[in-house]
Amino acid sequence: MEYEDPLFQERFGNNIGKPCYKFWRRRSPCKGCVSEKARKSKKPESKEETARDGKTYLMTSIPIRRNGRWSTVEIIKDVTEAKVGLDILQIIASSLDIRRVYNLISLELKKVIEFDRMSMTVLDEMGEGTVETFVLTKGYRHTELKEGTHYPLSGSLLEKLMHTRAPVLVDDTLTPVVETDRVLLREGIRSRFSFPLEYKGQIIGSLNFGSKRPGSFKESHARLLNHIAPQLAIAVENTRLFRKIKDSEERYRTLVDSFPHLFFTRKKEGAFSLLSPSVKTITGYRPQEFYACSTLMDSLIYPEDAGRVKAELAVVWDGSSPSSRNLEYRISHKEGRTVWLSQDSYPVRDPRGKIVCLECLCRDITEAKKIEEVKDNLMRDVTHELKTPLAKMEMTLQLFERVLTEGRETDGEKRRQIYHTLFNNLYRLKHSVQNILDLSSLESGHVKLKKEDVALKEVLTSAIREVEEEAGQKALKLLVSLPEEIPPLLGDREKLSHAVMNLLDNSIKYTDKGAVTISARVLPGQVEVTVSDTGRGMEKALLDRVFERFVQESPAFVGSGIGLSLCKKILEGHGGKIWAESEGKNKGAIFHFTLPVAASKEKN
């Protein structure tokens, strides 16, 4: 290693001059070394590794050439928490044995949360107003609240969770919040953290942590539990449900028979082991016909959808994915009509962990699809209806400008200002309508992107000239930093120009003072463009949603809220990516996007 930033040294110590494999807890060079791979491929490479601190990191190696030789810049991101979250979700989906699931989850959570005691409590089904310590894990002998213990709901932490519906932190049990704090204090527990388990809007239990040190838990621990608690609550409820089902096969059959949606279990070779009677309503075929012919269901799926359905279910069968949710496809009803289905599929494993079948739930969403089609048609019709009056307004304003220039000089400037105000608002309305049309066309697949050589630098400079006046009216600086040469792209010049214009327009619209900056840099195989501003910024929670349709940071601005969504569609259609960064409100925003360069030009 030649250089380490202060944050790296603070966490891992000084490794300068040492082989990088020492950092990854290895005695010899790593097999499939990502740095070596990046130097050979001359493009960024990524790989997950475990470091000396036992945590999992995503290491991205970016090759650079200095003084005639290739080296790499390493960007390391801690993904331990994310990996633990994914592993836990897979564990929950892998088994109906809640105790086994709980034991595996406790081992995973130990990697990111330090605790001496972990338990799961549930509302007792047998006794009203009581709580049961359902399962318990601890690292010491003395126990006051044992597994299977029943105690009153009144005065318990679960009762508080049911009222607040939010996690509860007890920094020190010497200052008890509920009665059970005093009980656990006798075990030596000094701080507690409990997270509610909610199922269908009802608090059914809680996941609890205890530590022998005061103040051990933080609100940040709730972030991980936010992802796993809903699935764990479902697992708890499923355990109860299947326990009841095992007690009475007839009750189970009644439940399945009365279910309005299609429920079935299917083995890998295609044979059905269970089909709800609703299959007759949804497909037109009787359950016996599916039992007799294991390929009947597959033959009903539209050929255009069959490959996608097969591919998504394949990753559930091989264990790569814990489940398949909301898989939409079309089938042909026996009467010839089209039926849209939305399918959820979950693997069922035997005691050895092997997947033996899939449990699938299919909902008939045909009516919902019809409504969605009507909505899309309505949007298209409305935008087309708006274009004609907009064109007339534009022509009228242009004529009005010529009349104004021939008027009196004393009030000509004032009238010209009125004209510019009207024209700018007209331009923005016209721009919004065009955005809606373009987005609808791209989403419907009716418009295909052109594939021709595009000089990206010309696209960027042209877009900058287009917004100079708008930026000047707000006294904003427009800063430009572009390299001398940018490799040509293969794409649709008009659509790319539209995307860049939308990004610049967005930054100018949400910046009241300061500057908007556009820059670019050439990376191996691609070009990265950045548009940044000193404007209003956005909360970090909005960063993942900012490219969704009709999502706006503030309703105070006129606009359709689809400009950034259109940018994403256009750039992804060119094989690119776009993402946003912001430190928060009033701290500006940064938008990056990458586009691949034309292959032939890159080789030259």
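In terms of this note's numbering, the sequence shown opens at residue 78 and continues consecutively.
Backbone N, C-alpha and C define an ideal beta-carbon position, used for all residues, glycine too.
>> Short of 6 Å in beta carbon distance, which residues of its chain neighbour R259, apart from the five on each side in sequence? Order them along the chain.
In response: P253, listed in sequence order.
>> Which same chain residues end up closer than 8 Å to F624 when comparing Cβ atoms and leaving out the 5 residues on each side of it in sequence?
In response: L641, S642, C644, K645, I655 and A657
> Below 8 Å, can you find three or more Cβ-Cβ pairs linking the region 337 to 344 to the region 432 to 445?
Replying inline: yes
> Using DSSP with H/G/I as helix, E/B as strand and the rest coil, what is V189?
Replying inline: coil
>> Please report the straight-line C-alpha distance between L581 and P399, rounded to a whole angstrom.
In response: Per the coordinates, the alpha-carbon of L581 lies some 41 Å from the alpha-carbon of P399.
> DSSP on H368, reduced to helix/strand/coil?
Replying inline: Residue 368 is actually Tyr in this sequence, not His. Helix, per DSSP.
> Under three-state DSSP, which class holds K551?
Replying inline: coil
> Just curious, the beta strand (DSSP E) that M374 is in, first and last residue?
Replying inline: Note, M374: premise wrong, no beta strand (DSSP E); alpha helix (DSSP H) at L373 to L377.
> Going straight from the alpha carbon of L514 to that of E561, what length do you get?
Replying inline: 35 Å
>> Does A31 come out as helix, strand or coil in the three-state DSSP assignment?
In response: There is simply no residue 31 to check, as the chain begins at 78 and stops at 681 in what is shown.
> Roughly how many whole angstroms lie between the Cα atoms of G204 and S297?
Replying inline: With a pLDDT of 48 at G204, under the threshold of 50, the predicted position of this residue should be treated as unreliable, though the coordinate-derived value follows. The alpha-carbon atoms of G204 and S297 are separated by roughly 35 Å.
> Counting along the chain, where does the beta strand (DSSP E) carrying K160 start and finish?
Replying inline: Looking at the DSSP string, K160 is not in any beta strand (DSSP E); the run it does join, the alpha helix (DSSP H), is T157 to S171.
>> Going residue by residue through the region 257 to 333, where are the continuous alpha helix (DSSP H) segments of at least 4 residues, counting only ones entirely within it?
In response: 298 to 324
> Which value, in whole angstroms, describes the spacing of the CA atoms of P96 and K295?
Replying inline: 36 Å
> In this structure, does DSSP put T250 in helix, strand or coil?
Replying inline: coil
> Out of curiosity, what's the CA-to-CA distance linking A159 and L301?
Replying inline: 8 Å
> For W417, is the classification buried or exposed, using 16 other Cβ atoms within 10 angstroms of its Cβ as the cut-off for buried?
Replying inline: buried
> Near I93, which residues of its chain fall below 8 Å by C-beta distance, leaving aside the five closest residues on each side in sequence?
Replying inline: M78, E79, Y80 and E81
> To the nearest whole angstrom, what separates the beta carbons of D193 and K215, a pair I think is in contact under 8 Å?
Replying inline: 6 Å
> How would you call K572, buried or exposed, if buried means at least 16 neighbouring beta carbons within 10 angstroms?
Replying inline: buried
>> For the pair the region 261 to 275 and the region 220 to 238, tell me if three or more CB-CB distances fall below 8 Å.
In response: yes
>> So for I408, helix, strand or coil by DSSP?
In response: strand
> Quick one: Cα of C712 to Cα of A666, how far?
Replying inline: Shown here, the chain extends from 78 to 681; a query on residue 712 therefore has no answer.
> How long is the line joining the alpha carbons of R402 and Q420, rounded to whole angstroms?
Replying inline: 7 Å
> Is DSSP giving P632 helix, strand or coil here?
Replying inline: At P632 the pLDDT is 40, less than 50, meaning the model places this residue with poor confidence and gives no usable figure here.
> Alpha carbon to alpha carbon, what distance is there between A310 and G282?
Replying inline: 8 Å
>> At the level of alpha carbons, what is the spacing between V386 and Y406?
In response: Approximately 7 Å between the Cα atoms of the pair.
> With a cut-off of 8 Å, does the C-beta of N315 fall near any C-beta of chain B?
Replying inline: No chain B is part of this structure, which consists of one protein chain only.
> What are the boundary residues of the beta strand (DSSP E) that includes C437?
Replying inline: DSSP places C437 in the uninterrupted beta strand (DSSP E) bounded by I432 to D441.
> Mapping DSSP to helix, strand and coil, what is G640?
Replying inline: In the structure shown, the three-state DSSP call for G640 is helix.
>> Quick check on this structure: which residue in R440, G650 and A299 has the alpha carbon closest to the alpha carbon of V356?
In response: R440
> Which residues share a DSSP beta bridge with R693?
Replying inline: Since the first residue shown for the chain is 78 and the last is 681, residue 693 is missing from the structure and cannot be characterised.
>> Mapping the DSSP letters down to three states, classify G204 as helix, strand or coil.
In response: Residue confidence is low: G204 scores 48 on pLDDT, short of 50, so the model does not pin down where it sits. Its coordinate-derived value is still stated next. DSSP places G204 in the coil class of the three-state scheme, outside both helix and strand.
> Which partner residues of K124 appear in the DSSP bridge assignment?
Replying inline: For K124, DSSP records a beta bridge to M136.
>> Just to check my reading of the structure: T137 and P121 have Cβ atoms closer than 8 Å, yes? What is that Cβ distance to the nearest angstrom?
In response: About 6 Å separates the Cβ atoms of T137 and P121, confirming a contact at the 8 Å cut-off.
>> Since S409 and L377 should fall inside the 8 Å C-beta cutoff, what is the C-beta to C-beta distance between them, to a whole number of angstroms?
In response: 5 Å
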